[in-house]
Every structure is written in structure tokens, then in C-alpha cells.
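Novice:
In the working numbering, the protein residues as written are 80 to 245.
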């Protein structure tokens, strides 16, 4: 996957304009890959290769995103309020989630998540602007450059549409 800074990500979105509607996002999406690229091109997978997650968009304009490392260690106490400092740190660093509403900016080829609640409290009340691309039954969301481990990075989250179970 090539590296993008903000101007190349925005340029890519501008070149690939087509008619987009919110309906194309509706449904459930399973995370296929989650990675970041640093400015020098180094690839970081903060939750490893086995990362899991779900993304949901509904017709009422709500969305929910959850990403986690399934290899996080269990709390030995079995009590989610009684973890050791190491268990708590692993649990915190190995998962993130948020929910809210979404809007589509087809002109800029962006989807905007208006965050109402989040595991990371700094995001509550914010808007996360994400570039998007559809390819086959997959959706890739690309972040604007953001801080990651003290450096600027662009995140790439690739999702695959989940068929409904009846």
C-alpha cells in the first residue's frame, strides 16, 4: 500500500469522484486490516495481524466502530474493575471504539463521523473526517495525518461487507 500525506490523499479523492450516496455505506462491515503509515513510509500495525473489528452504518444516520486485538491478556481476577496495571494497559491499548452519527461529503470523497461517545474521551464531541474508497465488496477508510506514538501517521482501515444473517 503506498504512503500518502494529506495532499496526496486529498488529490486521490478528487481524482476518483463518482456519485456516492449514504446507502452504499449502510450495513455491517468486518475489519480486514488496520495499519498506519508514518511520514517516512514505515508501516505500523498497532494491534498486530489478527486485529478484529466491526463498523456499522444505518439508514437513520447512526454509526458505530469497534476495533480490538483478540490477543489481549485476560484479567486474572475475572473482574473488569480489578485488573492489574499491566492488564489495564493492555486492555486500553488493545481496543478502541466510538459511536455517533455520520454524514457523507461526496465532493471531497469523505465520510464524517460525528462522535457522541468514545473509549478515548478526547474524541467525544469531535468530527473524524475519513477519506474512503470502495473496491469490490470492500471499503477502505483513510485518516488525515494524526499523532501516533509521537509521530504523524495516516491510518488505513479496510473493511469487508458482512452478509446479513436471517
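Even for Gly, the Cβ is constructed at its ideal location relative to N, Cα and C.
1) Thinking residue 129 and residue 150 are a contact (beta carbons under 8 Å), I'd like their distance in whole angstroms, please.
2) Leaving out five residues on either side along the sequence, give the residues of the same chain with a beta carbon under 8 Å from the beta carbon of residue 226.
3) Around the C-beta of residue 134, are 16 or more other C-beta atoms found within 10 angstroms, so that it is buried, or is it exposed?
4) Buried or exposed for residue 159, going by 16 or more other Cβ atoms inside 10 Å?
5) Quick one: which unbroken alpha helix (DSSP H) runs of 4-plus residues sit fully inside the region 103-157? Chain order, please.
6) Run through DSSP, which three-state label would residue 167 get?
7) Nearest to residue 99 by CA position, among 188, 162, 229, 123, is which residue?
8) Say yes only if the C-beta of residue 213 is nearer than 7 Å to one or more non-hydrogen atoms of the ligand SAH, and no if none qualify.
9) So, with DSSP's three-state summary, where would you put residue 242?
10) Check for me: the beta strand (DSSP E) holding residue 195 runs from which residue to which?
11) What number of angstroms, rounded off, separates the C-alpha of residue 141 from the C-alpha of residue 209?
12) Could you give the residue range of the beta strand (DSSP E) that holds residue 160?
13) Are the region 196-212 and the region 155-169 touching by the rule of at least three beta carbon pairs closer than 8 Å?
14) From what residue to what residue does the beta strand (DSSP E) around residue 180 run?
15) At the level of alpha carbons, what is the spacing between residue 185 and residue 240?
16) Please list the terminal residues of the continuous beta strand (DSSP E) segment that includes residue 100.
Specialist: Taking the geometry as given:
1) Here residue 129 refers to the residue found at position 50 of the chain shown. Here residue 150 refers to the residue found at position 71 of the chain shown. The pair is a contact, with the Cβ atoms about 6 Å apart (cut-off 8 Å).
2) On the chain shown, position 147 is the one that residue 226 refers to. Same-chain partners within the cutoff: 232.
3) Locating residue 134 in the chain shown gives position 55, where the first residue counts as 1. With 16 or more Cβ atoms within 10 Å of its Cβ, residue 134 is classed as buried.
4) Translated into positions along the chain shown, residue 159 becomes position 80. So residue 159 counts as exposed.
5) none
6) Here residue 167 refers to the residue found at position 88 when the chain shown is read from its first residue. Residue 167: helix per DSSP, three-state reduction.
7) Taking the chain shown and counting its residues from 1, one reaches residue 99 at position 20. The candidate whose alpha carbon is nearest that of residue 99 is 188.
8) Absence of the ligand SAH is noted for the structure shown, with no ligands found whatsoever.
9) Here residue 242 refers to the residue found at position 163 when the chain shown is read from its first residue. In the structure shown, residue 242 sits in coil (DSSP, three-state: anything other than H, G, I, E or B).
10) The count along the chain shown starts at 1 and reaches residue 195 at position 116. Start and end: 189-197.
11) If you number the chain shown from 1, residue 141 lands on position 62. If you number the chain shown from 1, residue 209 lands on position 130. Whole-angstrom Cα-Cα distance: 16 Å.
12) Position 81 of the chain shown, counted from the first residue, corresponds to residue 160. Under the DSSP assignment, residue 160 falls outside any beta strand (DSSP E); it carries neither an H nor an E label.
13) Taking 8 Å as the limit for Cβ pairs, the verdict is that the region 155-169 does not touch the region 196-212.
14) Here residue 180 corresponds to residue number 101 of the chain shown, with the count starting at 1. It spans 174-184 - the beta strand (DSSP E) in which residue 180 sits, taken as one unbroken run.
15) Indexing the chain shown from 1 puts residue 185 at position 106. Indexing the chain shown from 1 puts residue 240 at position 161. Approximately 20 Å, taken between the alpha carbons.
16) Your numbering for residue 100 matches position 21 in the chain shown. No beta strand (DSSP E) holds residue 100; DSSP gives it neither H nor E.
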